[in-house]
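Residue numbers (our numbering), protein chains in the order written: chain A, 481 to 762; chain B, 778 to 856; chain C, 598 to 974.
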């Protein structure tokens with residue numbers, strides 16, 4: 481759904497994810513400020529093969545809701561997609577929450593590159609613990625926020641985590657969301673070469689290492705059931721995982737971490753897994 | 778009313794011929810390639826066709842195709 | 598809540614006849630919205646606006662109005678929802694006051710910049726700090742630079758008529774329209790209003806976005822595109838005066854951009870806007886009886902600003918403001934920008950009551966040239 485020759489950086493996960501939007505029928509994209517705004521095309525050009533409504537940072541889900549309500553009133557079929565980065569999910573969090581509570585009939589996709597990349601890699605609420613950003617030069621002290629769990633707590637109709645590291649899995653989740661109705665939420669792990677400081681050819685490798693090390697859990701929540709996705713299921717058990725250091729040390733933003741700090745992080749991650757395992761119906 | 782300042786139209790090469798950004802050019806070794814299409818699926822720019830032809834006008838040379846290729850059929854050659 | 602359902606469902610009303618009922622300005626606006634039949638309404642409650650959207654929610658709940666009512670978590674989202682709905686081609690409405698307007702301010706720029714028709718009622722109320730729920734115009738003047746048409750009604754009848762005109766004009770010129778009424782003295786005060794149905798045309802707008810389209814709206818601009826968009830909006834906003842004047846007779850005959858009250862031979866002219874003009878008129882009548890040639894130019898619109906009518910003012914001019922920028926009032930600044938040397942009084946901030954007696958004293962000082970102008974504290 482995105483055309484070549486766009487403004488995305490080399491190895492950009494957002495551009496890759498935007499290609500996968502062809503799994504969703506009748507899409508209308510609502511995009512707030514962020515890398516995606518730029519990737520989707522600078523005036524007078526649009527890089528997208530589908531309609532795009534560019535909107536202010538905090539407004540995405542509310543604008544998308546308005547678009548969908550209007551289509552419903554006017555008898556127009558569409559999959560309205562609120563497509564945002566982790567920054568817009570931060571500043572628009574109340575709006576996102578209200579949209580989920582109302583069960584707005586739309587798809588929300590958070591393309592999470594774990595910092596405010598478009599403004600130069602400042603820390604977001606999604607930024608991984610201890611990651612260096614331009615506003616956490618010694619490493620971020622706070623933990624990342626788990627948006628997908630929060631959306632499950634909202635009883636969203638569909639919640640999935642996905643990664644650009646496994647495109648077929650990602651495409652399947654886009655397709656599934658597009659075929660359903662109700663409030664659908666996809667949290668998409670998106671390793672960013674310049675922001676995380678790794679070479680552009682490593683985007684997929686790092687995305688897969690995140691899954692294999694347990695740093696990114698792949699699951700779906702639907703009709704009250706949480707299920708781990710097949711591609712990541714074996715990493716539910718800690719003994720199947722690669723060392724977290726393998727994932728972290730392939731990125732410049734973590735190169736300052738000591739062995740002790742990485743051990744600490746492994747514990748934090750395992751705590752998140754405990755919650756997921758409890759919720760899981762597998 | 779002039780809508781032109783508000784409306785942007787679909788265009789291939791919305792950022793121009795981005796092939797000029799490239800430092801390394803991916804070159805496919807047709808003998809090694811088994812057309813599994815993994816590079817097609819993972820190319821962020823969408824410049825690899827299903828026949829594994831690369832559109833060098835827009836390929837930015839990120840190197841993901843080389844990394845993802847299980848056949849090791851893609852080589853990055855300096856421009 | 599006052600229940601109008603029985604009356605409004607009568608055949609006579611539907612066929613274009615008029616009915617007279619007792620309504621607050623809030624209720625009158627809600628009745629106008631019912632007649633305009635918006636498809637999407639989104640709002641967040643705030644005193645003193647809430648009765649408007651409560652009444653609309655009731656109409657929808659009772660099946661009298663076929664609209665989606667979106668309960669949002671903030672005014673920012675209220676404006677964002679109607680922004681989205683308008684982009685998709687729906688007729689839209691919201692209402693707010695005070696802090697609510699400040700909170701949605703960013704979206705106010707976007708809906709105007711996007712050239713989307715929309716109507717919002719602004720029940721004017723003071724903005725903190727300190728807290729104050731009472732009336733002044735410090736909120737609505739915030740919209741001044743955002744690219745909106747901004748009207749200020751004087752009474753419930755005008756609130757009703759202006760709301761209907763707002764839908765028409767907004768959709769004609771592709772600019773959002775704010776209908777201002779004063780807190781409590783109008784919003785919660787009942788007057789006799791004549792309701793009627795002007796039969797608005799179907800919704801129209803310069804563009805809308807549909808699923809099969811292949812274009813983007815409001816992408817990041819480079820070069821002069823943003824400046825061109827801003828210029829076009831300013832120019833069309835200026836020219837919207839023609840549409841407002843031309844259709845005034847179709848929407849209650851209130852005088853267009855201004856109402857001239859006893860101005861024809863006046864040596865002294867007072868410039869004001871909003872609900873308190875009713876009291877000012879009574880004070881002017883009293884002074885007229887004493888032989889003073891004084892009149893009132895009531896600004897019905899802050900944008901487009903009635904420059905022509907202001908420039909035509911002769912004699913001494915006093916601008917009485919219910920909002921301020923620095924020590925000067927906002928209308929005072931606007932009037933002086935028209936080249937008129939005017940005295941300027943800031944009064945009634947935070948709901949401080951300025952009634953007929955106070956206006957009489959103020960205007961008496963003005964015509965006696967004894968006034969210490971500044972703030973009426």
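Using N, Cα and C, we set each Cβ at its ideal position, and we do this for glycine too.
Is the beta carbon of residue j closer than 9 Å to that of residue i?
i              : j              : result
residue 791(B) : residue 814(C) : no
residue 732(A) : residue 676(A) : yes
residue 767(C) : residue 715(C) : yes
residue 595(A) : residue 566(A) : yes
residue 636(A) : residue 575(A) : no
residue 805(B) : residue 853(B) : no
residue 820(B) : residue 850(B) : no
residue 682(C) : residue 546(A) : yes
residue 540(A) : residue 497(A) : no
residue 634(C) : residue 653(C) : no
residue 522(A) : residue 818(C) : yes
residue 834(B) : residue 485(A) : yes
residue 895(C) : residue 852(C) : yes
residue 753(C) : residue 776(C) : no
residue 747(C) : residue 780(C) : no
residue 756(C) : residue 626(C) : yes
residue 691(C) : residue 720(C) : no
residue 642(A) : residue 709(A) : yes
residue 702(C) : residue 670(C) : no
residue 858(C) : residue 890(C) : no
residue 663(A) : residue 713(A) : no
residue 679(A) : residue 673(A) : yes
residue 661(A) : residue 707(A) : no
residue 839(B) : residue 856(B) : no
With respect to the beta strand (DSSP E) encompassing residue i, which residues constitute its N-terminal and C-terminal limits?
i              : result
residue 563(A) : 559 to 565
residue 867(C) : 865 to 869
residue 669(A) : 663 to 669
residue 783(B) : Run containing residue 783(B): none; DSSP gives neither H nor E here.
residue 856(C) : 855 to 858
residue 629(A) : Element bounds for residue 629(A): not the beta strand (DSSP E) but the alpha helix (DSSP H), 627 to 633.
residue 588(A) : 586 to 592
Tell me the DSSP bridge mates of residue i?
i              : result
residue 533(A) : 510(A), 814(C)
residue 802(B) : 854(B)
residue 699(A) : 708(A)
residue 666(C) : 638(C)
residue 616(A) : 613(A)
residue 638(A) : 664(A), 702(A)
residue 526(A) : 787(B)
residue 643(A) : 669(A)
residue 617(C) : 791(C)
In terms of residues, what are the limits of the alpha helix (DSSP H) holding residue i?
i              : result
residue 955(C) : 953 to 964
residue 581(A) : 573 to 581
residue 818(B) : 815 to 819
residue 827(B) : It is not in any alpha helix (DSSP H) - residue 827(B) carries neither H nor E in the DSSP assignment.
residue 683(A) : 683 to 692
residue 491(A) : Residue 491(A) -> no alpha helix (DSSP H), and no H or E assigned at all.
residue 825(C) : 822 to 844
residue 845(B) : 841 to 845
Along chain D, which residues have their Cβ under 7 Å away from the Cβ of residue i?
i              : result
residue 837(B) : Chain labels in this structure do not include chain D; the protein chains are A, B and C.
Return yes when at least one heavy atom of the ligand GDP lies under 8 Å from the C-beta of residue i, else no.
i              : result
residue 904(C) : Summarising the ligand content, the structure contains no ligands, and the ligand GDP is consequently not present.
Exercise for the section: Enumerate, from N- to C-terminal direction, the unbroken beta strand (DSSP E) stretches of 3 or more residues contained entirely within the segment 753 to 792 of chain C. Expected result: Within the segment 753 to 792 of chain C, the complete beta strand (DSSP E) runs of at least 3 residues are 774 to 779, 788 to 792.
Exercise for the section: Identify each residue in the segment 807 to 833 of chain C for which the Cβ-Cβ distance to at least one residue of chain A is less than 8 Å, and report them in chain order. Expected result: Within the segment 807 to 833 of chain C, the qualifying residues are 807, 808, 809, 810, 811, 812, 813, 814, 815, 816, 817, 818, 819, 822.
Handout entry: Members of the segment 666 to 698 of chain A that neighbour chain B once the beta carbon cut-off is set at 9 Å
Key = Residues are counted here when their Cβ sits less than 9 Å from a Cβ of chain B; for the segment 666 to 698 of chain A these are 673, 679, 680, 681, 682, 683, 684, 685, given in chain order.
Handout entry: Complete runs of the alpha helix (DSSP H) confined to the segment 873 to 952 of chain C [at least 4 residues]
Key = List check, alpha helix (DSSP H) in window: 874 to 886, 904 to 908, 927 to 934.
Practice task
Only counting runs of 3 or more residues, tell me where the beta strand (DSSP E) segments fall wholly within the segment 675 to 749 of chain C, in order along the chain.
Solution key: Listed in chain order, the complete beta strand (DSSP E) runs (minimum 3 residues) inside the segment 675 to 749 of chain C are 689 to 693, 716 to 721, 746 to 749.
Practice task
Could I get the ranges of all uninterrupted alpha helix (DSSP H) runs contained in the segment 620 to 650 of chain C, with 4 residues as the minimum, in chain order?
Solution key: Correct list: 622 to 633.
Problem - alpha helix (DSSP H) runs wholly inside the segment 703 to 759 of chain A, at least 4 long, in chain order - result: Counting only runs of 4 or more, we get 724 to 728, 739 to 759.
Handout entry: Cβ-based contacts, 7 Å cut-off: residues of the segment 682 to 713 of chain C near chain A
Key = Listed by position, the residues of the segment 682 to 713 of chain C near chain A (Cβ gap below 7 Å) are 682, 684, 685, 686, 687, 703, 704, 707.
Practice task
Give, in chain order, every residue of the segment 648 to 682 of chain C whose Cβ lies closer than 9 Å to some Cβ of chain A.
Solution key: Going along the segment 648 to 682 of chain C in chain order, one finds 663, 664, 665, 667, 668, 669, 670, 671, 673, 674, 675, 676, 677, 678, 679, 680, 681, 682 with a Cβ nearer than 9 Å to chain A.
Practice task
Taking only beta carbons into account, state which residues of the segment 512 to 529 of chain A come closer than 8 Å to chain B, listed in chain order.
Solution key: For chain B, the residues of the segment 512 to 529 of chain A that bring a beta carbon within less than 8 Å of one of its beta carbons are 521, 522, 523, 524, 525, 526, 527, 528, 529, in chain order.
Exercise for the section: Using a Cβ-Cβ cut-off of less than 8 Å, give me the residues of the segment 810 to 835 of chain B that come near chain A, in sequence order. Expected result: Within the segment 810 to 835 of chain B, contact with chain A at the beta-carbon level (separation under 8 Å) is assigned to 818, 819, 820, 821, 822, 823, 824, 832, 834, 835.
Exercise for the section: Anything in the segment 626 to 639 of chain C with a Cβ closer than 9 Å to a Cβ of chain A? List those residues in chain order, please. Expected result: Taking 9 Å as the Cβ-Cβ cut-off, the segment 626 to 639 of chain C approaches chain A at 636, 637, 639, given in chain order.
Handout entry: Interface residues of the segment 539 to 554 of chain A facing chain C [CB-CB below 9 Å]
Key = Those would be 539, 540, 541, 542, 543, 544, 545, 546, 547, 548, 549, 550, 551, 552, 553, 554, in chain order.
Exercise for the section: Scan the segment 589 to 601 of chain A for residues whose Cβ lies nearer than 7 Å to a Cβ of chain B and list them as they occur along the chain. Expected result: Per Cβ criterion, the list is empty.
Exercise for the section: Compile a chain-ordered list of the residues in the segment 778 to 792 of chain B whose CB is closer than 9 Å to at least one CB of chain C. Expected result: Hits within the stretch, in order: 778, 779, 780, 781, 782, 783, 784, 785, 786, 787.
Practice task
Determine which residues of the segment 631 to 654 of chain A have a Cβ less than 7 Å from any Cβ of chain B, and write them out in chain order.
Solution key: For the segment 631 to 654 of chain A, which is checked against every Cβ of chain B, the residues closer than 7 Å are 647.
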